[in-house]
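**Q**
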Amino acid sequence: MNKKIPVTSVKSGHLIEPAPGIHQYTNQVVNLFFIDIEGDSNRWVLIDAGMPKSADEIMEQAEKLYGKGARPEAIYLTHGHFDHIGSLEKLISVWDVPVYAHKEEFPYLTGELDYPKPDPNAGKGMVVKLSPKLFPNEGIDISGNIHPYSDDHQLPHLPGWQWIHTPGHTPGHVSFYHHDSRILIAGDALITVKQESLSHVLTQQKELDSPPDYLTQNQDLAFRSIKVILSMKPHLLLSGHGKPMNVEELNKSVGDLD
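Residue numbers (UniProt numbering): 1 to 258.
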């Protein structure tokens, strides 16, 4: 993807550590995560690959955290939308590391399919109306680096973590859960900013929300996935969009979900 998307937020460029060994970096309007490998803080994995034209920025953050020439053991994808794989091709051309995704997401990552175009009639708000013009729907082809998540739900390099199939937003969307700490990285299955609102996106106003309708392929599955996430009773929710949400905030906000 060669075109920079003209949307941003006040948190763009911010790097935080919401839990030990978990580093959340906000790239324009999307979060990606640098996760330390347990027992070796110099080794790490990357969750998602940010917006288009951001590879240099992402590599710079990696070097700030892990030193010059830092390279992950792997990249794990929640899904393949433009804001989560926007810099993936450039990153793997430099790093040449394995990329993991759910097998149902493969058609969008191997050049077989494009995602449905954003629906400008799916809700209210400036972002919704502008979405077909702003947001690309094309798939990419990283066939040489892509691998499926294992059937046992374990993640190579990250003991104690598991992947969870959370479809709806896309067919192969996944989230990541650390059982001992009850930290859940939801991707776009459950977010903490209202994506339809330009002002909320810009200011990153914290609000628990379902994935945006204009980019969600199956609403029924999306809400089932939210129930799965909430049933795990996470103590800390980290999302593809928005600020971290602790258990107290999460419990107060659940009743406000659409």
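Built from N, CA and C at the ideal position, the CB exists for glycine as well.
My output table needs one value for Gly-255: the three-state DSSP class, helix, strand or coil.
**A** Of the three classes helix, strand and coil, the one that applies to Gly-255 here is helix, per DSSP.
**Q** What are the start and end residues of each continuous beta strand (DSSP E) run of 3 or more residues lying completely inside the segment 4-71, in chain order?
**A** If we require 3 residues or more, the beta strand (DSSP E) runs fully inside the segment 4-71 come out as 15-19, 22-27, 30-37 and 40-47.
**Q** Between which two residues does the beta strand (DSSP E) carrying Leu-237 extend?
**A** Where Leu-237 is concerned, the enclosing beta strand (DSSP E) stretches over 236-238.
**Q** Going straight from the alpha carbon of His-147 to that of Asp-83, what length do you get?
**A** Approximately 20 angstroms, taken between the alpha carbons.
**Q** Using a Cβ-Cβ cut-off of 7 angstroms (strictly less than) and excluding sequence neighbours within five positions of Pro-212, which residues of its own chain qualify?
**A** Correct list, in chain order: Gln-195 and Glu-196.
**Q** Less than 8 angstroms between the beta carbons of Pro-52 and Ile-5, yes or no?
**A** Contact flag set, yes.
**Q** If you drop the 5 nearest sequence neighbours on each side, which residues of the same chain put their C-beta closer than 6 angstroms to that of Ala-122?
**A** If we look at Ala-122 and ignore the five residues flanking it on each side, its Cβ neighbours are Asp-213 and Tyr-214.
**Q** With C-beta atoms as the reference, is Val-99 less than 8 angstroms away from Asn-145?
**A** In this structure, Asn-145 lies closer than 8 angstroms to Val-99 by Cβ.
**Q** What three-state label does DSSP hand Ala-101 in the structure shown?
**A** Note: Ala-101 maps to strand in three-state DSSP.
**Q** Got a sec, what are the start and stop residues for the beta strand (DSSP E) Ile-146 sits in?
**A** Segment 146-148, the beta strand (DSSP E) holding Ile-146.
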